[in-house]
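These protein sequences, in sequence, are chains H and U.
If you read the first sequence in numbering that gives the first Met the number 0, its first letter stands for residue 0, the second for the next number, and so on.
If you read the second sequence in numbering that gives the first Met the number 0, its first letter stands for residue 0, the second for the next number, and so on.
All residues carry an ideal CB built from backbone N, CA and C; glycine is no exception.
Notes for the one structure printed next.
There are 2 protein chains.
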Amino acid sequence: MNVVGDRAAKPGSVHLVGIGPGAPDLLTVRAVRVIQSADTLFVPRSERSDESLARRAIAPYVSHQEVIEHVYPMTPDQKRADASWGAVAEQVLGRYERGLRVAQVTLGDPLIYSTSYYLFSALRRLLPPEAIHIVPGVSAFQAAGARVQRMLTIQQDRLLLMPATDLEAVAAAFERCETLVLYKAGRVLEPLRTLLAKRGLLERSAAVLYAEQEGREVLVEDWSRSSLPAGYMTTVIVSVGRRPWA
Amino acid sequence: MNVVGDRAAKPGSVHLVGIGPGAPDLLTVRAVRVIQSADTLFVPRSERSDESLARRAIAPYVSHQEVIEHVYPMTPDQKRADASWGAVAEQVLGRYERGLRVAQVTLGDPLIYSTSYYLFSALRRLLPPEAIHIVPGVSAFQAAGARVQRMLTIQQDRLLLMPATDLEAVAAAFERCETLVLYKAGRVLEPLRTLLAKRGLLERSAAVLYAEQEGREVLVEDWSRSSLPAGYMTTVIVSVGRRPWA
């Protein structure tokens, strides 16, 4: 059988793969299988980082695949983002049309504050939906909560995830959920700490930096007892209070 | 070497393991390893169900382990829940003290609307924190979103998870997040549909029943175009609207 010819006759496939928070054993079995059977892997690297954290997480599963590191913009500039991800989408499309199996890997879950959003937005204009497959993954907040043993939500509780950057929105959120997860807290550590202390929530706040990333992880189970180093990947979990049993 | 004697000298360990939404390949590599190396597996089964969905999801990874199916109460009665889970905690403790490796498996993620909450609450009074290990898992809402290709959140967006059962709280939530995930929607399908239609959100709502559970999954990409069968494990994703780029 002519494998190359056979391949060209079949349509390719595109997979947006959540690889979890960073530990190689927190990929799902499906993510491992998709990565191992891919012809090409697109691996994101932030323009602010020397190294792709995603690449480190998948290293045990990479052997023969073509690996393309894509340096993506970190500024909230839609035009720049569209141009950057549009170019990746074109590369993906070219390989798809040649019948190849292409995977983009992304830290965490593809649906939650992920680079896959941008690639998906570009790809959905180029490909039929059935050509695209999304593999869910463990998000950073889940890994963070597990590491500090902080249960998030049961019964009638509401769980709210948001970036910590807008502190007015954070203050409003205390009234609107039982558990609050704040991303990107590293940029606003001091004012956030002050706000939490003022509301009596500091001792109900845990923080995790670089959850499940070997050699970088920092765990703070009670923010009122420990100071917190600054870091881009800082997740703060505030147990605001639990709704009573129905 | 006397394996039994050696075992008894070492402390045991307890693992609360998220196994994802139901597909055996959506367990993480770590979850598979912990399950395969466990001496005893505690597997929850709802008193309303003939079969443990969790047991089906882990079936490929079970061989020699002792498997204890725990039928748990489904009423929001704290005393009954405490009694039921307290009894499981005693069984876990007995095995831990004999140096065994014990895992409780739970669908989804242990921190999010999970049976592990109740067992953890009982165990933390009996065991030192370092004896307990939490393995995060893919939650149903992540699997649901992936199946209907619904990106949840980027940039400054807020993502709110809550049960659909209190419709007043649901109506208030529309003003407070960019994406709303509603669990347990099966009980309130008709009034929820009416509420979403009134707010112009029905065509922005996707629904998934039994995400990634073989033979049971139902996907509704746009609720304004399809009716929705009732089912206990129904997740509705409402894309309320996205915050503008900063």
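query                                                                                                                         : result
Near-chain U residues of the segment 174-201 of chain H (beta-carbon distance less than 8 Å), N- to C-terminal order          : Arg175, Cys176
Cβ of Thr27 (chain H) within 8 Å of any chain U Cβ                                                                            : yes
C-beta neighbour in chain U for Tyr209 (chain H), strict 8 Å                                                                  : no
Partner residues on chain U for Gly136 (chain H), Cβ-Cβ distance less than 8 Å                                                : Val137, Gln141
Exposure label - Glu68 (chain H); buried when at least 16 CB within 10 Å                                                      : exposed
Segments of 4+ residues assigned as alpha helix (DSSP H) that fall wholly inside the segment 33-94 of chain H                 : 52-57
Segments of 4+ residues assigned as alpha helix (DSSP H) that fall wholly inside the segment 109-197 of chain U               : 115-122, 139-146, 166-172, 188-197
Inter-stretch contact (C-beta, 8 Å, three-pair minimum) for the segment 119-130 of chain U and the segment 150-160 of chain U : no
Local conformation of Arg100 (chain U) per DSSP, three classes                                                                : strand
Contact with chain U by Thr152 (chain H), beta-carbon distance below 8 Å                                                      : yes
Where the beta strand (DSSP E) containing Ile236 (chain U) begins and where it ends                                           : 233-238
Extent of the continuous beta strand (DSSP E) to which Leu208 (chain U) belongs                                               : 204-208
Asp24 (chain U) to Ala30 (chain U) span [Cα, whole Å]                                                                         : 11 Å
DSSP beta-bridge partners of Ser223 (chain H)                                                                                 : Its beta-bridge partners do not exist; DSSP assigns none.
Cβ pair Ser12 (chain U), Ala130 (chain U) closer than 8 Å                                                                     : yes
His14 (chain U) versus Val235 (chain H): straight-line alpha-carbon distance, rounded                                         : 24 Å
Residue burial classification, Met150 (chain H) (beta-carbon count within 10 angstroms, cutoff 16)                            : buried
Cβ contact check for the segment 38-52 of chain H and the segment 88-106 of chain H: 3 or more pairs under 8 Å                : yes
Gly19 (chain H) versus H:Gln77, H:Glu220, H:Ala143, residue with shortest Cα-Cα distance                                      : H:Ala143
Chain U contact residues for Tyr275 (chain H), given Cβ-Cβ distances below 8 Å                                                : Nothing about residue 275 (chain H) can be reported from this structure: the residues present for chain H run from 0 to 245 only.
Met0 (chain U) at chain H interface by Cβ criterion, 8 Å                                                                      : Because Met0 (chain U) carries a pLDDT of 40, less than 50, the predicted location of this residue cannot be relied on, and the following value inherits that uncertainty. So no, Met0 (chain U) is outside the interface.
Interface residues of the segment 97-121 of chain H facing chain A [CB-CB below 9 Å]                                          : Among the protein chains in the structure shown, which are H and U, there is no chain A.
Per-residue contacts from Arg72 (chain H) into chain U (C-beta, under 7 Å)                                                    : Rather than Arg, the amino acid found at residue 72 (chain H) in this sequence is Pro. Per Cβ cutoff of 7 Å: no residues; Pro72 (chain H) is ~12 Å from chain U at best.
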